[in-house]
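K.L.:
Here the sequence shown is numbered in numbering that gives the first Met the number 0, starting from 0 and rising by one per residue.
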Amino acid sequence: MGGISETDMRTREHLAQDHAYLVVRSGASWRDVYRLEPDRVLTVGRAAENRIVLADEMCSRRHCEIYGQAEQWKVRDLDSRNGTEVDGKPIIELELSEGNVIQIGSTELMFSFDLGRIEAARNGEDQQSATITATGPEILDRRKVTSYLSLEDLERAEDLARLGEDLASLYRLALSMAEVDDISDLGRRVLDQLCKRTGAEIGALLITKKSSLDLPRLKVPNDFDLTAFHSADGDQPNLSHSVSEIVLDSDEAVLANDLADDSRLSDRDSLGELRARGVICAPMRWDEKTYGLVHLYTMNPQIRLGTNDLDFTLAVANQLAIVVNQKHERDRLTLNLTRAESENRNLKQQLRSETEIIGDSPPMQQLKTEIARVAPTEATVLVRGESGVGKELVARALHAGSGRASGPLVCLNCAALAESLLESELFGHEKGAFTGATAKKAGKFEQADGGTLFLDEVGEMPMSIQAKFLRAMEGHAFERVGGSRPISADVRIVAATNRDLETAVREGDFRRDLYFRLNVVIVTVPPLKRRTGDIDILARHFVQKFSMRSDRVIRGLTKSAVELLRHHSWPGNVRELQNTIERAVILCEGDEIADTDLQLMPLDQEEVSTDTAEFAPVSLAEVERRHILATLTSTDGNKSKAAQILGIERSTLDRKLKRYRDG
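Encoded structure:
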């Protein structure tokens with residue numbers, strides 16, 4: 000056993016390589032491979048500072064060492080408690096030969112110059128016929144569960160000072176994780192601490208995409224996002240896909256060292272480019288799901304990543320998995336709450352307004368036919384028509400008749416908000432994005448995911464927002480105001496306008512490409528003056544609606560009242576008719592609305608004329624009455640707004656209206 004056999008000589012001459020190898024038997028199979036370097040001593044023992052750390056009760060803290068040159072390697076026992084054996088015989092010091100097996104307690108380490116032979120042993124093949132070469136980094140240690148979760152392991156710890164430091168570090172990291180809501184920021188903090196603790200020069204945090212969490216097998220890099228990294232030069236590092244795949248296949252954290260100067264171990268992927276001497280990769284596992292991967296790399300041959308580093312990194316990865324899971328859950332609850340609030344507001348609004356399109360005139364029958372034909376499609380719809388014709392009602396009918404009816408219908412008036420607020424309403428904002436942004440808010444696009452987004456007065460959208468809106472319309476991801484994370488939403492757009500968009504395009508006030516993107520299907524709502532046959536049925540509908548709301552019994556309208564309504568020009572369309580009937584219901588004295596109860600005011604008619612030729616003397620009280628009613632008309636029946644314009648309290652306005660009604 001002490002000399003070099005002919006087999007060894009032939010093997011060495013054939014391979015002509017500078018390194019020998021040890022492979023450790025784990026259970027019934029040969030598993031982890033270590034490379035021996037000339038003029039460098041490899042120690043074996045239970046202590047963390049050994050290059051090969053064995054969790055074997057028969058193994059001493061420093062049990063034995065292997066040392067030598069390219070063609071001559073020896074093993075020496077270091078006065079271990081239970082001794083070292085080679086091929087079943089106790090030794091003090093011995094020159095190793097091809098295939099020798101070193102035995103330490105129940106652990107075996109096979110010595111070989113032939114990496115192919117080691118692979119054959121690991122794969123259970125005939126050693127004489129094996130010619131397999133290494134295809135990935137060789138693993139020194141694996142961990143499925145960190146010892147920091149085991150009270151028994153903690154009680155057996157020998158380096159209590161180091162254990163105390165590690166537990167304190169884990170506690171501080173846990174506090175940081177509880178304080179930071181942004182995963183990228185948290186990832187950078189954690190990687191800084193891990194690199195400081197282990198001596199690694201490069202660290203990276205890969206987070207599993209939400210859409211990939213439930214996949215049976217994750218793939219690198221498709222199912223992950225690089226969320227944070229740490230590097231001395233600040234450049235984004237390349238990461239080893241092969242190491243990631245090993246971890247994902249086994250659900251174990253792995254440690255590998257001495258990679259860079261053996262091309263067979265480092266040329267598989269970016270390990271060679273990184274000149275990595277060592278790597279730790281730990282899965283972020285929680286509730287049988289992998290939420291990400293933690294990568295650590297060292298290039299300095301003087302810095303060796305050890306088993307204790309692997310254990311600590313796995314403990315941190317476990318904590319990160321819980322934090323990411325909780326973040327996903329909070330995001331889900333926040334989005335669901337926002338959707339619920341939006342749907343609740345929409346439902347209340349629908350209860351206050353009639354959802355059925357009312358009217359049997361030929362123009363309305365044609366409109367209903369168009370809606371029935373367009374609604375089931377996914378086409379973008381542009382609803383055109385004068386102000387007050389009921390364009391939002393058409394949008395609701397399009398949504399109700401579509402395959403998205405079970406999804407949300409989210410409405411936004413582009414003319415009602417300032418430019419800065421409109422972008423935030425459409426796309427949402429992050430906490431602190433601007434003054435007053437005290438919390439993160441999902442935008443209308445996110446809220447409408449899976450449903451319909453109705454944009455009223457789209458022609459009033461500022462040019463600065465139109466480009467971003469167009470990209471989101473076309474299915475591209477967008478970011479919240481103040482954010483950088485891309486967000487996607489599946490939304491059908493229904494837009495409405497009373498503006499001449501063609502003129503706006505020619506004058507440069509509206510983007511040409513956005514115009515064509517909106518102009519897929521046009522639904523035009525006819526003005527009320529073109530469907531006078533519907534005025535009677537609309538008026539009776541509004542009488543019933545507002546009499547119920549005001550808790551009054553109004554039977555309907557007199558013939559003279561209906562005739563007066565039919566002969567009015569209705570510049571404000573259905574909205575003007577609705578407000579006229581609401582006002583009449585409030586002010587009429589009997590149980591039927593007469594023509595004298597109707598206040599019809601053409602926009603071109605002044606309420607009080609200064610022309611003495613047309614002057615008719617009236618009391619000051621009558622002038623006040625007319626002025627109050629005209630103001631109420633101009634605010635579309637909004638009493639609070641009318642009271643503000645008039646400079647009186649809301650309660651004062653209510654008393655005056657009651658007095659007018661009671662006579």
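No residue lacks a Cβ here, since even glycine has one placed at the ideal position from N, Cα and C.
Expressed to the nearest angstrom, what Euclidean distance is found between the alpha-carbon atoms of A374 and V522?
P.N.:
Numbered from its first residue, the sequence shown carries residue 374 at position 375. Numbered from its first residue, the sequence shown carries residue 522 at position 523. Cα to Cα, A374 sits roughly 11 Å from V522.
K.L.:
Measuring CB to CB, does F453 end up less than 8 Å from F426?
P.N.:
Taking the sequence shown and counting its residues from 1, one reaches residue 453 at position 454. Taking the sequence shown and counting its residues from 1, one reaches residue 426 at position 427. It is not a contact, given that the beta carbons lie outside the stated cut-off.
K.L.:
Under 8 Å: do the stretch 448-464 and the stretch 494-512 share three or more Cβ pairs, one atom per stretch?
P.N.:
Result yes; three or more Cβ-Cβ pairs closer than 8 Å.
K.L.:
With a 10 Å radius around its C-beta and 16 neighbouring C-beta atoms as the bar for buried, classify V622 as buried or exposed.
P.N.:
Here residue 622 is taken as the residue at index 623 of the sequence shown, counted from 1. Looking at its Cβ environment, which holds fewer than 16 other Cβ atoms inside 10 Å, V622 is exposed.
K.L.:
Q667 lies in the alpha helix (DSSP H); which residues open and close that run?
P.N.:
Residue 667 lies beyond the range of the chain shown here (0 to 662); nothing can be said about it.
K.L.:
Indicate the three-state DSSP secondary structure (helix, strand or coil) for R516 in the structure shown.
P.N.:
Counting from one through the sequence shown, the residue named residue 516 turns up at place 517. In the structure shown, R516 sits in a helix (DSSP, three-state: H, G or I).
K.L.:
Starting from the Cα of T434, find the closest Cα among A471, A54 and G481 and give me that residue.
P.N.:
Taking the first residue of the sequence shown as position 1, residue 434 is located at position 435. T434 has its Cα closest to that of G481, out of A471, A54 and G481.
K.L.:
Between L172 and V189, how many whole angstroms is the CB-CB distance? I'm expecting something under 8 Å.
P.N.:
Working through the sequence shown from its first residue, we reach residue 172 at position 173. Working through the sequence shown from its first residue, we reach residue 189 at position 190. Contact flag correct, Cβ pair sits at about 6 Å.
K.L.:
Quick one: any contact between the stretch 200-220 and the stretch 89-107, if contact means 3 or more CB pairs under 8 Å?
P.N.:
Flag = no, the stretch 200-220 and the stretch 89-107 do not touch.
K.L.:
Quick one: using the 10 Å Cβ neighbour count with 16 as the cut-off for buried, is N256 buried or exposed?
P.N.:
Here residue 256 corresponds to residue number 257 of the sequence shown, with the count starting at 1. Answer is buried; the Cβ neighbour count reaches 16.
K.L.:
Looking only at C-alpha atoms, which of L204, V493 and R624 sits nearest to L295?
P.N.:
The sequence position of residue 295 within the sequence shown is 296, counting from 1. With distances taken between Cα atoms, L295 lies closest to L204.
K.L.:
In terms of DSSP beta bridges, what is A281 paired with?
P.N.:
To locate residue 281, count along the sequence shown from 1; it is residue 282. Paired residues: V293.
K.L.:
Since G186 is in the alpha helix (DSSP H), which residue starts that stretch and which ends it?
P.N.:
Within the sequence shown, residue 186 is the residue found at index 187, counting from 1. G186 -> alpha helix (DSSP H) spans I182 to T197.
K.L.:
For H62, does the count of other Cβ atoms within 10 angstroms reach 16, so buried, or fall short, so exposed?
P.N.:
Taking the first residue of the sequence shown as 1, we reach residue 62 at position 63. The residue is buried, with at least 16 neighbouring Cβ atoms inside 10 Å.
K.L.:
Output yes or no for whether 8 Å exceeds the beta carbon distance between E591 and L537.
P.N.:
Numbered from its first residue, the sequence shown carries residue 591 at position 592. Numbered from its first residue, the sequence shown carries residue 537 at position 538. Contact: no.
K.L.:
Quick one: is L656 buried, meaning 16 or more other Cβ sit within 10 Å of its Cβ, or exposed?
P.N.:
In the sequence shown, counting from the first residue as 1, residue 656 sits at position 657. L656 is buried by the Cβ-count criterion.
K.L.:
Compute the Euclidean distance between the alpha carbons of K326 and S175, then round it to the nearest angstrom.
P.N.:
In the sequence shown, the residue the question calls residue 326 occupies position 327. In the sequence shown, the residue the question calls residue 175 occupies position 176. If you take the alpha carbons of K326 and S175, they lie about 14 Å apart.
K.L.:
Kindly list the residues whose CB is nearer than 7 Å to the CB of T609, restricted to its own chain and excluding five residues on each side of it in sequence; keep chain order.
P.N.:
On the sequence shown, position 610 is the one that residue 609 refers to. With a pLDDT of 43 at T609, under the threshold of 50, the modelled position of this residue cannot be trusted; read the value that follows with caution. Nothing meets the Cβ criterion.
K.L.:
With N572 as the anchor, note down where its alpha helix (DSSP H) starts and where it stops.
P.N.:
Locating residue 572 in the sequence shown gives position 573, where the first residue counts as 1. Run containing N572: N572 to L586, per the alpha helix (DSSP H) assignment.
K.L.:
Please state the DSSP three-state secondary structure of A46.
P.N.:
The residue labelled residue 46 in the question sits at position 47 within the sequence shown. A46 falls in the coil class under three-state DSSP.
K.L.:
Can you check whether the CB of S183 is closer than 8 Å to the CB of A680?
P.N.:
One cannot answer for residue 680 here, as it falls past the ends of the chain, which runs 0 to 662.
K.L.:
Going by the beta-carbon positions, is the gap between L41 and L139 smaller than 8 Å?
P.N.:
In the sequence shown, the residue the question calls residue 41 occupies position 42. In the sequence shown, the residue the question calls residue 139 occupies position 140. Contact flag unset, no.
K.L.:
Alpha carbon to alpha carbon, how far is R276 from P300?
P.N.:
Within the sequence shown, residue 276 is the residue found at index 277, counting from 1. Within the sequence shown, residue 300 is the residue found at index 301, counting from 1. So the alpha carbons of these two residues sit roughly 6 Å apart.
K.L.:
Assign M547 to one of three DSSP states: helix, strand, or coil.
P.N.:
Walking along the sequence shown from the start, residue 547 turns up at place 548. Three-state result, M547: helix.
K.L.:
Would you please state the rounded distance, in angstroms, between the beta carbons of Y20 and L93? I believe it to be under 8 Å.
P.N.:
The sequence position of residue 20 within the sequence shown is 21, counting from 1. The sequence position of residue 93 within the sequence shown is 94, counting from 1. About 17 Å; that fails the 8 Å criterion.
K.L.:
Can you give the beta carbon distance from V409 to V520, rounded, assuming they're within the 8 Å contact cut?
P.N.:
To locate residue 409, count along the sequence shown from 1; it is residue 410. To locate residue 520, count along the sequence shown from 1; it is residue 521. About 20 Å; that fails the 8 Å criterion.
K.L.:
Return the CA-CA distance between Y147 and P89, expressed in angstroms with no decimal places.
P.N.:
As a working note, residue 147 is residue 148 in the sequence shown. As a working note, residue 89 is residue 90 in the sequence shown. Rounded to whole angstroms, Y147 to P89 spans 36 Å at the Cα level.
K.L.:
For R530, name the three-state secondary structure that DSSP assigns.
P.N.:
As a working note, residue 530 is residue 531 in the sequence shown. Note: R530 maps to coil in three-state DSSP.
K.L.:
From the DSSP output, which residues share a beta bridge with S79?
P.N.:
In the sequence shown, counting from the first residue as 1, residue 79 sits at position 80. According to DSSP, which records beta bridges pairwise, S79 is partnered with nothing at all.
K.L.:
Is it right to say T451 is buried, meaning 16 or more other beta carbons lie within 10 angstroms of its own, or is it exposed?
P.N.:
Start at 1 with the first residue of the sequence shown, and residue 451 comes out as number 452. T451 comes out buried.
K.L.:
Starting from D455, follow the beta strand (DSSP E) in both directions and report where the run begins and ends.
P.N.:
Here the question's residue 455 lines up with position 456 in the sequence shown. Counting along the chain, the beta strand (DSSP E) containing D455 begins and ends at T451 to D455.
K.L.:
Counting only the same chain and skipping the five closest in sequence on each side, list residues whose C-beta sits under 8 Å from that of L469.
P.N.:
Start at 1 with the first residue of the sequence shown, and residue 469 comes out as number 470. Closer than 8 Å at the Cβ level, and outside the excluded window around L469, lie R510, D512, L513 and R516.
K.L.:
Of the residues P525, Q318, I279 and L313, which one's Cα is nearest the Cα of I302?
P.N.:
The residue you call residue 302 lines up with position 303 of the sequence shown. Answer by Cα proximity: I279.
K.L.:
Three-state secondary structure (DSSP) at R331?
P.N.:
As a working mapping, residue 331 is identified with position 332 in the sequence shown. Three-state result, R331: helix.
K.L.:
Among V490, D359 and R50, whose alpha-carbon lies nearest the alpha-carbon of G532?
P.N.:
Within the sequence shown, numbered from 1, the residue matching residue 532 stands at position 533. When each option's Cα is compared against that of G532, the closest is D359.
K.L.:
Quick test of your reading: K387 and V573, contact by CB under 8 Å. State the CB separation rounded to the nearest angstrom.
P.N.:
In the sequence shown, counting from the first residue as 1, residue 387 sits at position 388. In the sequence shown, counting from the first residue as 1, residue 573 sits at position 574. According to the sequence provided, residue 387 is Gly. The question's Lys does not apply to it. Indeed, because the Cβ distance is near 6 Å, the residues count as touching under 8 Å.
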